[in-house]
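Residue 42 is where the sequence shown starts when you use my numbering, and the numbers rise one by one after that.
Just so you know, even glycine gets a beta-carbon here, dropped at the ideal spot from N, CA and C.
Here the structure is a predicted model, which is why all the values come from computation and not from measurement.
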Amino acid sequence: MIIEGSWVLPVTDKPIRSGGVRIQNGVISAAGKIVDIERVYPDEDVISFKNGIIMPGFVNLHSHIEYSAMHGRCRGGSFIAWIKDLIKAARNMDANDWLDSSRYGAELMIESGITSIGDITKTDTAFRAIEEAGLRGVVFLEVLGFDDDKIDRVIHDLYIRLEKSANIKNNRINTGISPHAPYTVSRKLFEALAEISDERGLRIMTHISETAEEEVFVRDGTGVFADSFKKIAGWGDVTWDGTDLGSVEYLDACGILSERTIAAHAVWVDEADIEIFRARGVSIAHCPRSNAYLGTGSAPVRRMLDAGVTVGLGTDSLASNQSIDIFEEIRAIDRSINPEERIRMATINGARALGLGDRVGSIEPGKFADIIVVENDSDDPYMVISSSKSDLRLVMVEGNVLYET
């Protein structure tokens, strides 16, 4: 099969006007000028999109699809108020609700042109939802525990979840672990999870430096996380005196930061933190619309990219976002980031952060045919960032069509 478009946007190479992509057995076998491809493969069926930009499917580096049913149920503007609403809403959901919510989230990903996701799950329903939807992804098993007296049980439960995930026979789905955040995971537990990650080669995603209040809590042991949040988080009797370190320095001391780590949000970071990210090979999941919804600030993406840090793009969840729309997310990135950089953030950067950069994230022979086609008649293919979900014409993963209009 050959897909023809007005442009092919490989991402890792120059755009190709009047281009085409040949797909064989779910893999890209050729990409280039359509006349050249048709000359080599004259008997192939051709699907033509007159004003179509052919490009790699988007990579959503940070999501929680199990929270998709919580749209509009959690207040914005205050992180503490939001998380209280989230906990309250979660108490009213049963196993079927979580699965339905995850399935809904997976559908929304496809409708936005997202073909790969880095998804954090507490209920593990993401595995089934992603597999059923035909998506690709890394599912990160969320782990919480601030009470060191209960760590053995927490680790035991994690091993059970890891064994269950190992039984999933789907080469599109990998497993990682997600120590939730510095205010819900103790140092001892962080260190234990770092060891498990090293032993098994698992990727880690953790929420880090998302709010100014988190920085105060980690450094000084004071503020709202040490007061009103303690009871609802379940560690009201645990003593926490602070570390005299910022969140990034603290997690680095815990051994959790490495080339397998994705730091979600990373809003309240300074130059020293960015240097730690660079030195350790940490990738960043930038979630601009979630940060805006919660009023937590804006991550210094320009400085991170200039320092050589890999920054991908995430939607977070519908509990903290108005929609799952990667086009809107791309446009919400700081204006100092040019269109080409934005596309890289939404594709190859996210793929590399998830350990999938050799398989997806760009249009290259030998990579899986995780491809989308967006209708846009601009003379500049990078102006695809001006498009919307309604402009999507085709979404495929490994050559299988998941969506077409």
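Spatially closest choice to F120 from V310, R376 and F270, by CA coordinates: F270
Whole-number beta carbon distance between F231 and C295, since they are thought to touch under 8 Å: 4 Å
Per-residue burial, A360 [other beta carbons within 10 Å of its own, 16 or more giving buried]: buried
If distances are taken between C-alpha atoms only, which option among M111, I218, I69 and G154 comes closest to K129? M111
Taking the straight line between their C-alpha atoms, what separation do you get for L182 and E85? 43 Å
Alpha-carbon spacing of N441 relative to L433, whole angstroms: 16 Å
Is I365 near R383, with beta carbons less than 9 Å apart? no
Nearest residue (CA-CA) to E255, options R241, T302, R393 and A307: A307
Per DSSP, the bridge partner or partners of S119: Paired residue(s): none; S119 is not in a bridge.
Span separating the alpha-carbon of I158 from that of E439: 15 Å
When the Cα of T446 is compared with those of H221, A333 and G93, which residue comes out closest? G93
Using only alpha-carbon positions, find the residue among M345, W48 and V184 that is nearest to Y200. V184
Pairwise C-alpha distance: I106 and R260: 31 Å
Can I88 and E152 be called in contact, C-beta distance under 9 Å? no
Taking all protein chains shown into account, decide if M437 is buried (16 or more other Cβ within 10 angstroms of its Cβ) or exposed. buried
Bounding residues of the alpha helix (DSSP H) (the contiguous stretch that carries G229): According to the sequence as given, residue 229 is Lys; it is not Gly. Here the alpha helix (DSSP H) through K229 covers R228 to R241.
Might you give, ordered along the chain, the residues of its own chain that have their beta carbon closer than 8 Å to the beta carbon of A387, omitting 5 neighbours on each side? F99, V100, G353, L354, I367, E370 and I371
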